[in-house]
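The block underneath contains the structure these notes are about, expressed in structure tokens.
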Ligand code: PLP
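In full-length UniProt numbering, the protein residues as written are 9 to 290.
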């Protein structure tokens, strides 16, 4: 596969960076993961807006305009056989002698690759997935889509070790998110999400779900969600660029939901999934 590194298109296995890159030394960089459907970047402007906000927070100059980024992504997408792909962009502060202080005037390192999109399997969509819970021990700048992902890696492994798909995190008894997804609670027919803060990544699906909810007539509300509300939820849903919308049907081994739908994907999920698939084609 081809990738893009600092202005050069080259085979992925030939792409090399300096050991003094601050991304390698400090995790001092950002990334984006952009879904591509039918060779078109999905919600590209929203991904760019988040990238721009993140770069400003880190005081890293944006190496490209939105059109420049789009041209790069399209160039790579065109080299791949799959129509549906996931474009990965990484920008680090650049290469410098090791020092915590941000050096002035560095040229950021820019890396872009693309991989075939692997959406959830039909089995996962029809039966839902198992998740486990853990304490959110990550830092308080979770709004930044940082490549410093050790906290997320440690969190994800908790579920991987138990054969589960995600780790749902609670901070002081309140839902934050999962290791690489946002988490949504269905309560009395309404979709509830955690308010945006430094404890969660503002997933591109926040605003997308708000739009889809408005379209299909589901109430959408961001408010603090207690752990007890998560455990008593009618439905639990994961979202991310790769998972799209995916129902959680077991949490810590317990079936999610009530009555006939206990342990099964629910109606709010089903409507959002359908609306999401329509949105992809627009
Ligand atoms: N939360 C975390 C920690 C993530 O890494 C991600 C990324 O996939 C998300 C939430 C979901 O964000 P998005 O919908 O932009 O993929």
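Ideal Cβ placement from N, Cα and C applies to all residues, glycine included.
What do you reckon, are the CB atoms on residue i and residue j nearer than 8 Å?
{"i": "residue 14", "j": "residue 118", "result": "yes"}
{"i": "residue 49", "j": "residue 78", "result": "yes"}
{"i": "residue 151", "j": "residue 197", "result": "no"}
{"i": "residue 194", "j": "residue 274", "result": "yes"}
{"i": "residue 146", "j": "residue 159", "result": "yes"}
{"i": "residue 216", "j": "residue 287", "result": "yes"}
{"i": "residue 60", "j": "residue 70", "result": "yes"}
{"i": "residue 91", "j": "residue 47", "result": "yes"}
{"i": "residue 41", "j": "residue 96", "result": "yes"}
{"i": "residue 25", "j": "residue 32", "result": "yes"}
State buried or exposed for residue i, treating a residue as buried only when at least 16 other CB atoms are found within 10 Å of its CB.
{"i": "residue 252", "result": "buried"}
{"i": "residue 224", "result": "exposed"}
{"i": "residue 247", "result": "buried"}
{"i": "residue 36", "result": "buried"}
{"i": "residue 295", "result": "Nothing about residue 295 can be read from this structure; the chain reaches only from 9 to 290."}
{"i": "residue 285", "result": "exposed"}
{"i": "residue 52", "result": "buried"}
{"i": "residue 170", "result": "exposed"}
{"i": "residue 62", "result": "buried"}
{"i": "residue 276", "result": "buried"}
{"i": "residue 86", "result": "exposed"}
{"i": "residue 185", "result": "buried"}
{"i": "residue 222", "result": "exposed"}
{"i": "residue 55", "result": "buried"}
{"i": "residue 172", "result": "buried"}
{"i": "residue 67", "result": "exposed"}
{"i": "residue 149", "result": "exposed"}
Under a CB-based cut-off of 8 Å, is residue i close to chain D?
{"i": "residue 261", "result": "Of the protein chains in this structure there is only one, and it is not chain D."}
Below 8 Å on the Cβ atoms is my contact criterion, and I expect residue i with residue j to pass it. Report the Cβ-Cβ distance as a whole number of Å.
{"i": "residue 38", "j": "residue 154", "result": "6 Å"}
{"i": "residue 235", "j": "residue 183", "result": "7 Å"}
{"i": "residue 43", "j": "residue 94", "result": "6 Å"}
{"i": "residue 242", "j": "residue 265", "result": "6 Å"}
{"i": "residue 116", "j": "residue 99", "result": "5 Å"}
{"i": "residue 283", "j": "residue 244", "result": "Actually they do not touch by this definition, with Cβ atoms about 18 Å apart."}
{"i": "residue 271", "j": "residue 258", "result": "7 Å"}
{"i": "residue 88", "j": "residue 122", "result": "6 Å"}
{"i": "residue 80", "j": "residue 12", "result": "6 Å"}
Do the segment 246-266 and the segment 120-132 touch if we need at least three Cβ pairs shorter than 8 Å? Judged by Cβ distances under 8 Å, the segment 246-266 makes contact with the segment 120-132, as three or more pairs qualify.
Could you tell me whether the segment 95-108 touches the segment 131-139, using the rule of 3 or more Cβ pairs below 8 Å? The segment 95-108 vs the segment 131-139: no contact.
Could you pull out every unbroken alpha helix (DSSP H) segment of at least 4 residues lying fully inside the segment 144-207, listed in chain order? Here the runs fully enclosed are 158-168.
Run through the segment 217-249 for me and flag every whole alpha helix (DSSP H) of 4 or more residues, listed as ranges in chain order. Taking only runs of at least 4 residues, the alpha helix (DSSP H) segments lying wholly in the segment 217-249 are 235-239.
Segment contact, 8 Å Cβ cut-off, at least three pairs: the segment 136-151 with the segment 162-181: Yes, they touch.
Can you find at least 3 beta carbon pairs, one from the segment 220-239 and one from the segment 65-76, that sit closer than 8 Å? Counting Cβ pairs under 8 Å, fewer than three are found: no touch.
Any contact of the segment 210-218 with the segment 184-195, i.e. 3+ C-beta pairs under 8 Å? Counting Cβ pairs under 8 Å, three or more are found: they touch.
Which complete alpha helix (DSSP H) runs does the segment 66-154 hold, if anything under 4 residues is left out? List check, alpha helix (DSSP H) in window: 74-86, 130-135.
Which parts of the segment 22-58 are runs of the alpha helix (DSSP H), unbroken and 4 residues or longer, counting only runs that do not cross its ends? The segment 22-58 contains these whole alpha helix (DSSP H) runs: 30-34.
Complete beta strand (DSSP E) runs within the segment 245-278 (minimum length 3 residues, chain order): If we require 3 residues or more, the beta strand (DSSP E) runs fully inside the segment 245-278 come out as 252-259.
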